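Okay, so here's the structure we're looking at.
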């Protein structure tokens, strides 16, 4: 399977590069697109439709192309996959019906492929965790599910996913692949280390934490971190402190990270970048410094021993991870790209779907989720 990365801020440049690839006897049938909210999506759709390229995509909080990062642009992966090996599905969804939409996606996928794999993109108002649960409950065994929550250049208002058919802020947009024809593998790594004592979420609903240890959630984090957690309901960006100290929630033999999006000073609650549950036990966590980048790259190098080949890579990395690591994120992106040295695109997201080594898929924050595509 041939692939090509286009990394630009110009839709005109995308048109030119597609023309060049066609001259080189490369006939792309599918594009995966990550684009800033500032991009002209109608014009981009017009260009891709002109070449009869099906596509899925999401708006971003920054873009990744091979070993580089940018903001305000477009990262696009062209693939020449046989059109019988994939299908694109979209569902209108919200927080309440995310589980059912996940089940619907899996039911539809099984009608087309015996062994489907998924790249799922979704908006800010959809529960990634419930989506995965619904898809898993309708699957045989553990399905390969990857993807992430769209961004909006850190406005935290409306995020979008899109395809040739629809572009909207309330969509689940899924690329469903025949896993018997296209191998879809990957791994999610964070590197964050737990600190302090274990706490309990004693009052919560969906992605809102009202109380921790029977105290207002905001007061608890202030005890730990002082003014690091700032109110951002009036349009300020997520505070650096919230990015640096995510919750490491216990999930039995594993954990997931949850980062705070903002705080409500009126009721003392925290809005998280993913669902939480009343009764969840957690510890706060912290990146140990530059070592987290080295450990993440080394983790993917070890993974490459098991999965040494890829035709293309997709990286979905949390924007809060970017905020916390600062310039070190560039070293992480470059280091991971150089493990396989194949065309790679990605974006900085508001949440990531990835797999643990044992094969189960989860919804994360503060995590780097990598997807490997390889024609069998």
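Numbering (this note's numbering), first residue to last: -14 to 361.
We put the CB at the ideal spot given by N, CA and C, even for glycine.
All figures in this text were calculated on a predicted structure; none of them were measured in a lab.
Quiz item: What does residue 349 pair with, by DSSP beta-bridge criteria?
Solution: The residue labelled residue 349 in the question sits at position 364 within the chain shown. 337.
Self-check item: Straight-line Cα distance separating residue 282 from residue 222
Solution: Taking the first residue of the chain shown as 1, we reach residue 222 at position 237. Taking the first residue of the chain shown as 1, we reach residue 282 at position 297. For residue 222, the predicted structure reports a pLDDT of 40, less than 50, and the residue's modelled location is therefore unreliable. A value from the coordinates is still provided. Roughly 28 Å separates the two Cα atoms.
Quiz prompt | Exposure of residue 217, with buried meaning 16 or more beta-carbon neighbours within 10 Å | solution = The residue labelled residue 217 in the question sits at position 232 within the chain shown. Confidence is the limiting factor: at residue 217 the pLDDT is only 43, short of 50, which leaves the residue's position unreliable and the question unanswerable from this model.
Self-check item: Own chain partners of residue 158 with C-beta closer than 6 Å, once the 5 adjacent residues on each side are dropped
Solution: Locating residue 158 in the chain shown gives position 173, where the first residue counts as 1. Same-chain partners within the cutoff: 41, 75, 106, 146, 148.
Self-check item: For residue 357 and residue 311, the rounded distance between their alpha carbons
Solution: One-based indexing of the chain shown puts residue 311 at position 326. One-based indexing of the chain shown puts residue 357 at position 372. Answer to the nearest angstrom: the Cα atoms are 26 Å apart.
Quiz item: Taking the continuous alpha helix (DSSP H) assigned at residue 127, which residues delimit it?
Solution: Counting from 1 along the chain shown, the entry for residue 127 is found at position 142. Run containing residue 127: none; DSSP gives neither H nor E here.
Quiz item: Which residues share a DSSP beta bridge with residue 103?
Solution: In the chain shown, counting from the first residue as 1, residue 103 sits at position 118. 130, 161.
Quiz prompt | Spatial distance of residue 73 from residue 295 (CA atoms) | solution = Indexing the chain shown from 1 puts residue 73 at position 88. Indexing the chain shown from 1 puts residue 295 at position 310. The C-alpha of residue 295 is placed about 22 Å away from the C-alpha of residue 73.
Quiz item: Who are the near neighbours of residue 220 in its chain, counting only those whose CB is closer than 6 Å to its CB and skipping five residues on each side?
Solution: Start at 1 with the first residue of the chain shown, and residue 220 comes out as number 235. Per-residue confidence for residue 220 stands at a pLDDT of 38, beneath the threshold of 50, marking its modelled position as unreliable; the derived number appears in the next sentence. Contacts found: none.
Quiz prompt | Stretch pair the region 177 to 190 + the region 284 to 298: three plus CB contacts closer than 8 Å | solution = no
Quiz item: Are residue 243 and residue 259 closer than 8 Å when you measure CB to CB?
Solution: Locating residue 243 in the chain shown gives position 258, counting from the first residue. Locating residue 259 in the chain shown gives position 274, counting from the first residue. Result yes, Cβ atoms of residue 243 and residue 259 sit closer than 8 Å.
Exercise. Find the nearest neighbour of residue 234 within the set -7, 78, 182, 320, judged by alpha-carbon distance.
Key: Taking the first residue of the chain shown as 1, we reach residue 234 at position 249. It is 182.
Quiz item: Leaving out five residues before and five after residue 253 in sequence, what residues of the same chain have Cβ atoms less than 7 Å from its Cβ?
Solution: For this step, residue 253 is matched to residue 268 along the chain shown. Around residue 253: 201, 202, 203, 204.
Self-check item: Same chain, Cβ closer than 6 Å to residue 288, five either side skipped, listed in chain order
Solution: Residue mapping note: residue 288 aligns to position 303 of the chain shown, counting from 1. Once the five neighbours on either side are set aside, the close Cβ partners of residue 288 are 172.
Practice problem: Tell me whether residue 97 sits in a helix, a strand or coil according to DSSP, three-state version. | Solution: Taking the first residue of the chain shown as 1, we reach residue 97 at position 112. Reduced to three states, the DSSP call for residue 97 is helix.
Quiz item: Hey, would you say residue 109 sits closer than 8 Å to residue 139, going by beta carbons?
Solution: In the chain shown, the residue the question calls residue 109 occupies position 124. In the chain shown, the residue the question calls residue 139 occupies position 154. No, they are not a contact pair.
Quiz item: On the three-state DSSP scale, how would you describe residue 83?
Solution: Working through the chain shown from its first residue, we reach residue 83 at position 98. Helix.
Quiz item: Short check: CB of residue 60 to CB of residue 314, under 8 Å?
Solution: Within the chain shown, residue 60 is the residue found at index 75, counting from 1. Within the chain shown, residue 314 is the residue found at index 329, counting from 1. No, Cβ-Cβ distance for residue 60 and residue 314 is not below 8 Å.
Self-check item: Whether residue 360 touches residue 167 by CB criterion (8 Å)
Solution: Translated into positions along the chain shown, residue 360 becomes position 375. Translated into positions along the chain shown, residue 167 becomes position 182. One thing to note: residue 360 has its Cβ within 8 Å of the Cβ of residue 167.
Exercise. Starting from residue 266, follow its DSSP beta bridges and name the residues at the other end.
Key: For the purposes of this step, residue 266 is identified with residue 281 of the chain shown, where counting begins at 1. Note: residue 266 sits in a beta bridge opposite 185.
Practice problem: Leaving aside the five residues before and after residue 272 along the sequence, list all residues of the same chain whose C-beta is less than 6 Å from its C-beta, in chain order. | Solution: Here residue 272 is taken as the residue at index 287 of the chain shown, counted from 1. Cβ within range, chain order: 177, 309.
Practice problem: Tell me whether the beta-carbon of residue 104 lies closer than 8 Å to the beta-carbon of residue 131. | Solution: Along the chain shown, one-based indexing puts residue 104 at 119. Along the chain shown, one-based indexing puts residue 131 at 146. Yes; because the gap between Cβ atoms is below 8 Å, this pair is in contact.
Quiz prompt | Where residue 343 falls: helix, strand or coil (DSSP) | solution = The sequence position of residue 343 within the chain shown is 358, counting from 1. Secondary structure of residue 343 (DSSP, three-state): coil.
Quiz item: To which residues of the same chain is residue 327 closer than 8 Å at the C-beta, ignoring the five residues directly before and after it?
Solution: Walking along the chain shown from the start, residue 327 turns up at place 342. For residue 327, where only same-chain residues beyond five positions count, the Cβ hits under 8 Å are -12, 295, 296, 297, 298.
Practice problem: Assign residue 119 to buried or exposed, taking buried as 16 or more other Cβ atoms, counted over all protein chains shown, within 10 Å of its Cβ. | Solution: As a position in the chain shown, residue 119 is number 134, starting the count at 1. Flag for residue 119 reads buried.
Exercise. Name the one or two DSSP bridge partners that residue 190 has.
Key: Position 205 of the chain shown, counted from the start, is the residue given in the question as residue 190. Bridge partners of residue 190: 193.
Exercise. Just grab the DSSP bridge partners of residue 303 for me.
Key: To locate residue 303, count along the chain shown from 1; it is residue 318. DSSP, once it has assigned bridges, lists 334 as partnering residue 303.
Quiz item: For the 8 Å Cβ check, are there 3 or more pairs between the region 40 to 57 and the region 9 to 26?
Solution: yes
Self-check item: Nearest neighbour of residue 284, chosen from 307, 341, 95 [CA to CA]
Solution: Start at 1 with the first residue of the chain shown, and residue 284 comes out as number 299. Nearest option by C-alpha distance: 341.
Practice problem: Within 10 angstroms of the Cβ of residue 261, are there 16 or more other Cβ atoms? Answer buried if so, exposed if not. | Solution: For the purposes of this step, residue 261 is taken as residue 276 along the chain shown, with counting starting at 1. Classification of residue 261: buried, given that the 10 Å Cβ count is 16 or more.
Self-check item: residue 287, enclosing alpha helix (DSSP H) - first and last residue
Solution: In the chain shown, counting from the first residue as 1, residue 287 sits at position 302. Start and end: 276 to 291.
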